[in-house]
Amino acid sequence: MKIDFKGITGEELSFKLNRIKINPNDKLDIKPQFSRQVRKVNGNDKLNFVSLSVKIESTEAEPKPFDILATLVGVFEVEDLHGANDERKFVIEATKLIYPYLRATVTNLTASAFIAPLNLPIITGPIFPEDKDTYAFTTGSDLN
C-alpha cells in the first residue's frame, strides 16, 4: 500500500466561551469526544478524504468553561489497497497523521480566545476502539 498525503484543511472550527463559575478546588473534566469519517471520490478510488473531529460541549450536568468543535479533513491518494485489512490500516494511519494537527488546532483556538490553552493529550495508540485489533499490526514501515 502506498499513501500520498496531499494536504489538510479546516472544515469547521468553532469556539464558544461559557460563563460558568468554577471553584478553584474543583477539578475540571473536559472529556473530548472524537469522531471520524472516511469518504472516497466518485470515479477516483485512489482519492480519499479522512475527516477527524473533536467536540467539547458543556451540559447542565457537566458544565465546561467553553464549547469547541474542530473538524479537519486530510486528503490522501492511496494506491495498492488490497482488501478490508489494507483499508483499515490506511484509515488508522491517516488518523495518526491528522491527530497532531487537530491537537494544535484546539490549542490555538483556546489560546486565540485569550484563555489558558487546552492541550489535548499526545496519543500513541488508537483513538477509536474499533482500531485496537488492527493497530497492533500497523507501523509506519508497513506503508511503503
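The sequence shown finishes on residue 1011 if you use our numbering, and the numbering steps up by one all the way, no holes.
Built from N, CA and C at the ideal position, the CB exists for glycine as well.
These numbers come from a predicted model, not from an experiment.
- Ile-959 has its alpha-carbon roughly 7 Å from the corresponding atom of Asp-998.
- Of all alpha-carbon atoms in Ser-881, Lys-873, Asn-915 and Lys-931, the one lying nearest the alpha-carbon of Ile-889 is that of Lys-931.
- Taking every protein chain shown into account, the CB of Leu-895 has fewer than 16 other CB atoms within 10 angstroms, so this residue is exposed.
- When DSSP states are grouped into helix, strand and coil, Asp-896 belongs to the coil group.
- Spatial neighbours of Lys-922 in its own chain (CB-CB distance under 6 Å, excluding positions within 5 residues in sequence) are listed in chain order as Gln-900 and Leu-936.
- Residue Phe-943 holds the alpha-carbon nearest to the alpha-carbon of Ile-870 among Leu-939, Leu-969 and Phe-943.
- Here Lys-922 carries a strand assignment [DSSP, helix/strand/coil].
- Rounded to whole angstroms, the Cβ separation of Val-940 and Glu-878 is 5 Å, and the two are in contact under 8 Å.
- Ile-870 sits in a strand when the DSSP states are folded into three classes.
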